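Peer 1: I have a structure here, written as structure tokens, and I will follow up with some questions on it.
There are 2 protein chains.
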Amino acid sequence: MLFNKIAIIGVGLIGGSLARALRANNQCRTISGYGRSRENLDKAIALGVIDDYSDDMGAVVKDADLVLLATPLASFAPLLEKIKPYVNDKLIITDAGSEKGSVVEAARKIIGDKIKQFVPGHPIAGTEKSGVEASFKELYEDHLVILTPLPENKPEQVKSVSTMWESCGARVVNLDVEYHDKVLAATSHLPHVLAYALVDCLSSMEEEGDVFKFSAGGFRDLTRIAASNPEMWSDICLANKYHLLQLIDRYSSHLDKIKELIVTDDGKGLSQLFSKVRNTRENLK
Amino acid sequence: MLFNKIAIIGVGLIGGSLARALRANNQCRTISGYGRSRENLDKAIALGVIDDYSDDMGAVVKDADLVLLATPLASFAPLLEKIKPYVNDKLIITDAGSEKGSVVEAARKIIGDKIKQFVPGHPIAGTEKSGVEASFKELYEDHLVILTPLPENKPEQVKSVSTMWESCGARVVNLDVEYHDKVLAATSHLPHVLAYALVDCLSSMEEEGDVFKFSAGGFRDLTRIAASNPEMWSDICLANKYHLLQLIDRYSSHLDKIKELIVTDDGKGLSQLFSKVRNTRENLK
Chain A
70 MLFNKIAIIG VGLIGGSLAR ALRANNQCRT ISGYGRSREN LDKAIALGVI
120 DDYSDDMGAV VKDADLVLLA TPLASFAPLL EKIKPYVNDK LIITDAGSEK
170 GSVVEAARKI IGDKIKQFVP GHPIAGTEKS GVEASFKELY EDHLVILTPL
220 PENKPEQVKS VSTMWESCGA RVVNLDVEYH DKVLAATSHL PHVLAYALVD
270 CLSSMEEEGD VFKFSAGGFR DLTRIAASNP EMWSDICLAN KYHLLQLIDR
320 YSSHLDKIKE LIVTDDGKGL SQLFSKVRNT RENLK
Chain B
70 MLFNKIAIIG VGLIGGSLAR ALRANNQCRT ISGYGRSREN LDKAIALGVI
120 DDYSDDMGAV VKDADLVLLA TPLASFAPLL EKIKPYVNDK LIITDAGSEK
170 GSVVEAARKI IGDKIKQFVP GHPIAGTEKS GVEASFKELY EDHLVILTPL
220 PENKPEQVKS VSTMWESCGA RVVNLDVEYH DKVLAATSHL PHVLAYALVD
270 CLSSMEEEGD VFKFSAGGFR DLTRIAASNP EMWSDICLAN KYHLLQLIDR
320 YSSHLDKIKE LIVTDDGKGL SQLFSKVRNT RENLK
């Protein structure tokens, strides 16, 4: 058994799925929860995801081996303030935030030299659903979890966090904070913004009637992520602003390239570009 | 049985799936094929999708009750030229093109007053795969087929085409040509362009290494359509140029709106916009 007790701050899709997986694999004796919604926490107990919860952060974190932050990014700073008084020398702090630069910066300011016990993480898994009812123990199986260990981290604490995710079936890779944020802006944050913009654009076409009813599977696949948690994604966009804005501009220039090929009736150019893209996309399988 | 013989011009995903469905439901005695690739046509015979094929359009179309054009749009004009000499008074011509305005315009020019026998159609179904091997008889089940009947069409010929698609499990709706092209630009053509641009953008990030390996399910869902047939999509972009370019600009303004909210750190505005989009997207189910 990896842990005697862990504390999950934010018992939703991400936190709840970790709890379920650890429990199913018998890797943790007790799981305590903390969150904004008593209704959600009651559900989490009823579903057997956590053992108990409290409004008192001390009670939740006390005696825990590990605390996971799995709430929207903007809540990390106030939550770290609340956790800080209860950080003993053994407690490992980790998180599941989709951006790492601003998280690490805030953590350094708030918890000071206890930053050595903070191992930043990001499971590349999720669905467009939110809340503990959406959680399931297989969420991390065959998925990637990125850790961005800090120079101050103790290797054995990084190893504990790795082992925890691996016990849930995930593959763990370690990346640099900056590289993580740049790459995830491209593969995750930008695509979400594009999907949100697409649905927003089509919603505005009222004069054309309900255009959505003529959409097919491709459109539904493409816009599924536009049903993701709005607060979480608003926080991600702002936290990773620097890289995301660069990527939106970069994307726009690629869209302009296609537009130019259409404007100039360059069928050969379009066909070549689409072929190149198809090859790239097919190699992802 | 609806037809004694039909001719399928382009025995790929779309044409092949129609042939399979008609055959499975015993709605057609003989199916003849025509196409560029002898290899694909031989496969179509081996798979039992068509009965025969020929390089001679006369042999393929002769005695047919209906001919379906299911090739990339740019080939429609030369193919209609070839079909024209064999159009007797009973033959119904239909197509599966994703754009209708330029198709109808070309058909009017080429086949003259036989336009009354041309019933334009567009099945809203497909996958990112191409070729007869990708075809399957269930493709149209519970999918929409849009017909854009012309003022000259005989009602009974429109009805025959409707009944054909309905026999494959599709729901048929009739729309105006212009409205079809505007709506499909929004729900299908624009999304394909956006997905192509996204994969193209990420491919260009060589200095960052292979960013694709950090992509998750959402990205794969979103870019699946970027593996679609390049020639077909090049043709669609050019054929529906007028509406598509307007929509790319309209989309860009919605993307700019999100960008502006990020630039101004307007978390509340982002969260509101994403919530509105989520509600819209969830109502699509």
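Protein chains in written order, with our numbering: chain A, 70 to 354; chain B, 70 to 354. Where is the CB? At the ideal position from N, CA and C, for every residue including glycine. It should be emphasised that the depicted structure is a prediction, and the values quoted were computed from it without experimental measurement.
#1: Where A:GLY278 and B:GLU247 are concerned, what is the direct C-alpha to C-alpha distance, given to the nearest angstrom?
#2: Relative to the C-alpha of A:GLU300, which residue among A:GLU225, A:ASP158, A:HIS261 and A:PHE72 is closest?
#3: If you compare alpha carbons, which of B:ASP211, B:ASP335 and B:MET70 is closest to A:LYS310?
#4: In angstroms with no decimal places, state the Cα-to-Cα distance between B:TRP302 and B:PRO192.
#5: Could you give the distance in angstroms between the alpha-carbon of A:MET233 and the alpha-carbon of A:LEU137?
#6: With distance defined between alpha-carbon atoms, name the residue in B:LYS169, B:VAL129, B:GLU174 and B:LEU91 nearest to B:VAL156.
#7: Under 7 angstroms, CB to CB, which of the residues in the region 222-243 of chain A have a partner in chain B?
#8: Output, in sequence order along the chain, the residues in the region 162-196 of chain A whose CB is closer than 9 angstroms to any CB in chain B.
#9: At the level of alpha carbons, what is the spacing between A:ARG350 and A:ARG107?
#10: Under 9 angstroms, Cβ to Cβ, is there at least one residue of chain B near A:GLU202?
#11: With distances taken Cα to Cα, identify the nearest neighbour of A:SER123 among A:ILE77, A:ILE327 and A:LYS337.
#12: So, A:GLU265 versus B:LEU259, is the Cβ gap smaller than 9 angstroms?
#13: Look at the alpha carbon of B:ASP304 and the alpha carbon of A:LEU339, and state the distance between them as a whole number of angstroms.
#14: Quick one: measure Cβ to Cβ for A:LEU263 and B:LEU267, integer angstroms, because I've assumed they're closer than 8 angstroms.
#15: Can you give the beta carbon distance from B:SER257 to A:PHE288, rounded, assuming they're within the 8 angstroms contact cut?
#16: In the DSSP output, what is B:HIS323 paired with across the bridge?
#17: Are the CB atoms of A:GLY200 and A:ALA165 within a distance shorter than 9 angstroms?
#18: Counting Cβ pairs, one atom from each stretch, are 3 or more of them under 8 angstroms apart for the region 323-335 of chain B and the region 308-326 of chain A?
#19: Suppose only complete runs of 3+ residues qualify. What are the beta strand (DSSP E) ranges in the region 148-172 of chain B, listed by chain order?
#20: Excluding the 5 residues preceding and the 5 following A:THR196 in the sequence, name in chain order all residues of the same chain whose CB lies nearer than 6 angstroms to its CB.
#21: Looking at the unbroken beta strand (DSSP E) that takes in B:ILE83, where does it start and where does it end?
#22: With a cut-off of 9 angstroms, does the C-beta of B:LYS206 fall near any C-beta of chain A?
#23: For B:PHE72 and chain A, any beta-carbon pair shorter than 9 angstroms?
#24: So what does DSSP say about A:CYS306, is it helix, strand or coil?
#25: Looking at the secondary structure, which residues open and close the alpha helix (DSSP H) in which A:ASN348 lies?
#26: What's the call for B:LYS178, buried or exposed, on a 16-neighbour Cβ count within 10 Å?
#27: Taking the beta strand (DSSP E) that A:TYR103 falls in, what are its first and last residues?
#28: Do the CB positions of A:PHE187 and A:SER86 come within less than 9 angstroms of each other?
#29: Tell me, please, whether the CB atom of A:LEU347 is closer than 9 angstroms to any CB atom in chain B?
#30: Check the DSSP bridge columns for B:GLY190 and list the partner residues they point to.
#31: Within the continuous beta strand (DSSP E) that includes A:LYS228, where are the two ends?
#32: Would you report the Cα separation of B:SER167 and B:ALA194, rounded to the nearest angstrom?
#33: So what does DSSP say about B:VAL332, is it helix, strand or coil?
#34: Is A:LYS74 helix, strand or coil by DSSP?
#35: Mind checking B:ASN352: buried by the 16 CB within 10 Å criterion, or exposed?
#36: Assign B:SER298 to one of two classes, buried (16 or more other C-beta atoms within 10 Å of its C-beta) or exposed (fewer than that).
Peer 2: Per the coordinate set shown:
#1: Looking up residue 278 of chain A in the first sequence gives position 209. Looking up residue 247 of chain B in the second sequence gives position 178. Each residue's alpha carbon lies about 14 angstroms from the other.
#2: Residue numbering aside, residue 300 of chain A sits at position 231 when the first sequence is read from its first letter. Selected option, being the one with the closest Cα: A:HIS261.
#3: The residue you call residue 310 of chain A lines up with position 241 of the first sequence. That would be B:ASP335, whose Cα lies nearest to the Cα of A:LYS310.
#4: In the second sequence, counting from the first residue as 1, residue 302 of chain B sits at position 233. In the second sequence, counting from the first residue as 1, residue 192 of chain B sits at position 123. Distance between the alpha carbons of B:TRP302 and B:PRO192 is about 15 angstroms.
#5: On the first sequence, residue 233 of chain A is found 164 positions in, with the first residue counted as 1. On the first sequence, residue 137 of chain A is found 68 positions in, with the first residue counted as 1. Those two C-alpha atoms are separated by around 11 angstroms.
#6: Position 87 of the second sequence, counted from the first residue, corresponds to residue 156 of chain B. Among B:LYS169, B:VAL129, B:GLU174 and B:LEU91, the Cα nearest to that of B:VAL156 belongs to B:VAL129.
#7: none
#8: ILE193, ALA194, GLY195 and THR196
#9: For the purposes of this step, residue 350 of chain A is identified with residue 281 of the first sequence, where counting begins at 1. For the purposes of this step, residue 107 of chain A is identified with residue 38 of the first sequence, where counting begins at 1. Rounded to whole angstroms, A:ARG350 to A:ARG107 spans 44 angstroms at the Cα level.
#10: If you number the first sequence from 1, residue 202 of chain A lands on position 133. It does not: the Cβ of A:GLU202 has no partner Cβ on chain B nearer than 9 angstroms.
#11: Within the first sequence, the letter at position 54 stands for residue 123 of chain A. When only C-alpha atoms are compared, the closest one is A:ILE77.
#12: Within the first sequence, numbered from 1, the residue matching residue 265 of chain A stands at position 196. Within the second sequence, numbered from 1, the residue matching residue 259 of chain B stands at position 190. Checking the displayed sequence, the identity of residue 265 of chain A turns out to be Tyr instead of Glu. Against a cut-off of 9 angstroms, the Cβ pair of B:LEU259 and A:TYR265 comes out as no contact.
#13: What you label residue 304 of chain B is simply residue 235 of the second sequence in a count that begins at 1. What you label residue 339 of chain A is simply residue 270 of the first sequence in a count that begins at 1. B:ASP304 and A:LEU339: Cα-Cα distance of roughly 9 angstroms.
#14: Within the first sequence, residue 263 of chain A is the residue found at index 194, counting from 1. Within the second sequence, residue 267 of chain B is the residue found at index 198, counting from 1. A:LEU263 to B:LEU267, Cβ: 6 angstroms. Contact.
#15: Residue mapping note: residue 257 of chain B aligns to position 188 of the second sequence, counting from 1. Residue mapping note: residue 288 of chain A aligns to position 219 of the first sequence, counting from 1. That pair is a contact at about 7 angstroms.
#16: Residue 323 of chain B sits at position 254 when you count from the first residue of the second sequence. DSSP output for B:HIS323 lists no bridge partner at all.
#17: Taking the first residue of the first sequence as position 1, residue 165 of chain A is located at position 96. Taking the first residue of the first sequence as position 1, residue 200 of chain A is located at position 131. No, the pair does not count as a contact, with Cβ atoms beyond the cut-off.
#18: yes
#19: 161-164
#20: Translated into the one-based positions of the first sequence, residue 196 of chain A becomes position 127. Hits under 6 angstroms: none found.
#21: On the second sequence, residue 83 of chain B is found 14 positions in, with the first residue counted as 1. Where B:ILE83 is concerned, there is no enclosing beta strand (DSSP E), although the alpha helix (DSSP H) it sits in stretches over 82-93.
#22: For the purposes of this step, residue 206 of chain B is taken as residue 137 along the second sequence, with counting starting at 1. Answer no: the Cβ-Cβ gap between B:LYS206 and chain A never drops below 9 angstroms.
#23: Position 3 of the second sequence holds residue 72 of chain B. By this cut-off, B:PHE72 is not an interface position.
#24: The sequence position of residue 306 of chain A within the first sequence is 237, counting from 1. Note: A:CYS306 maps to helix in three-state DSSP.
#25: Counting from one through the first sequence, the residue named residue 348 of chain A turns up at place 279. From DSSP, the alpha helix (DSSP H) with A:ASN348 extends over 336-351.
#26: Position 109 of the second sequence holds residue 178 of chain B. Classification of B:LYS178: exposed, given that the 10 Å Cβ count is below 16.
#27: Start at 1 with the first residue of the first sequence, and residue 103 of chain A comes out as number 34. Segment 97-103, the beta strand (DSSP E) holding A:TYR103.
#28: Within the first sequence, residue 187 of chain A is the residue found at index 118, counting from 1. Within the first sequence, residue 86 of chain A is the residue found at index 17, counting from 1. No. Outside cutoff.
#29: Locating residue 347 of chain A in the first sequence gives position 278, where the first residue counts as 1. Here residue 347 of chain A is Arg; the residue named in the question, Leu, does not match the sequence. It does; some Cβ of chain B falls within 9 angstroms.
#30: Mapped onto the second sequence, residue 190 of chain B falls at position 121. Bridge pairing for B:GLY190: B:LEU216 [DSSP].
#31: Along the first sequence, one-based indexing puts residue 228 of chain A at 159. Segment 224-236 is the alpha helix (DSSP H) holding A:LYS228; no beta strand (DSSP E) there.
#32: The residue given as residue 167 of chain B occupies position 98 in the second sequence. The residue given as residue 194 of chain B occupies position 125 in the second sequence. Computed Cα separation, rounded: 10 angstroms.
#33: The count along the second sequence starts at 1 and reaches residue 332 of chain B at position 263. In this structure, B:VAL332 counts as helix in the three-state DSSP scheme.
#34: Here the question's residue 74 of chain A lines up with position 5 in the first sequence. In the structure shown, A:LYS74 adopts extended strand secondary structure according to DSSP, grouped into three states.
#35: Here residue 352 of chain B refers to the residue found at position 283 of the second sequence. Counting Cβ neighbours within 10 Å, B:ASN352 comes out exposed, since fewer than 16 surround it.
#36: To locate residue 298 of chain B, count along the second sequence from 1; it is residue 229. With the sequence shown as reference, residue 298 of chain B is identified as Asn, and Ser is not the correct amino acid for it. Per the 10 Å Cβ criterion, buried.
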